[in-house]
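Accompanying notes for the structure given below.
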Amino acid sequence: MELSNRQEKIVEIVKGNGPITGEQIAERLNLTRATLRPDLAILTMSGFLDARPRVGYFYTGKTGFELITEKVKKYKVHEFQQIPIIVKESTSVYDAISTMFLEDVGTLFVVNENSCLTGILSRKDLLRASIGQKDLNAIAVHIIMTRMPNITVCRKDDLLLDVANKLINKQIDGLPVVKDTENGLVVIGRVTKTTITRAFVELTNEKSI
């Protein structure tokens with residue numbers, strides 16, 4: 001977060017004189033308490049300052065990078081998951097290729113008649129299947145997909161950082177977000193490398209970091 005000049009002055013005052021009340025900070029800056037209230041709220045919410053009732057403001061000693069790191073570690077999958085693109089086991093390879101390009105995704109999730117996850121299709125899977133003189137309309141995706149249990153999944157309350165590590169370690173582009181049911185795993189979302197990138201970009205652009 002890039003602090004305003006006034007916010008930087010507030011931090012310096014608290015750093016050198018804390019604990020210090022809002023009224024005392026306002027007096028040093030020759031401003032009213034009401035004028036400073038939004039700045040103090042932002043600095044407290046973002047973690048630069050700590051406030052204690054009837055005591056005043058303290059400087060936390062944390063840098064902007066440390067605050068960003070702390071926030072990243074708290075992000076959960078459900079805050080950033082996207083809509084999953086799903087196909088049936090009986091879908092043809094030709095239709096799967098069309099779906100992948102129309103939806104502009106790198107991974108398709110394959111489900112059975114109970115809408116439970118049974119496999120995953122990557123671009124490599126579809127490219128491999130399309131090589132040669134094959135009738136892609138005659139080949140069902142369940143023949144070429146990666147099957148359970150050889151599928152890495154995540155759940156909505158998992159930490160986004162843990163999912164990012166899975167993507168890197170497994171060298172895959174995306175994971176299905178699933179929930180457990182009596183019939184199996186139901187896909188409720190997806191997390192991809194693009195999702196992770198978007199989360200970090202949004203984080204660095206936030207005004208309240």
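Using UniProt numbering, the first residue of the sequence shown is number 1, and each one after it goes up by one. All C-beta atoms in this analysis are idealised placements derived from N, C-alpha and C, irrespective of residue type, glycine included.
About 6 Å separates the Cβ atoms of LYS88 and VAL111, confirming a contact at the 8 Å cut-off. Taking 8 Å as the upper bound for CB-CB distance, GLY174 and THR192 are in contact here, some 4 Å apart.
For LYS88, the enclosing beta strand (DSSP E) begins and ends at 86-88. Classified as exposed, ILE131 has fewer than 16 neighbouring CB atoms from the shown chains inside 10 Å of its CB.
Per DSSP, the continuous beta strand (DSSP E) segment holding LYS179 begins and ends at 174-180. Between the C-alpha atoms of MET148 and ARG37 there is a straight-line separation of about 55 Å. Closest in C-alpha terms to CYS116, from the list VAL187, ALA34, LEU40, comes VAL187. The Cβ-Cβ distance between VAL153 and VAL77 does not fall below 8 Å.
Close CB contacts of GLU23 within its chain, under the 8 Å cut and outside five residues either way in sequence, are with ARG33 (chain order).
Every beta strand (DSSP E) stretch that sits fully inside the segment 130-185 and reaches 3 residues is listed by chain position as 174-180.
Sorting ALA26, LEU43, GLU103, PHE101 by C-alpha distance to the C-alpha of GLN7 places LEU43 at the top.
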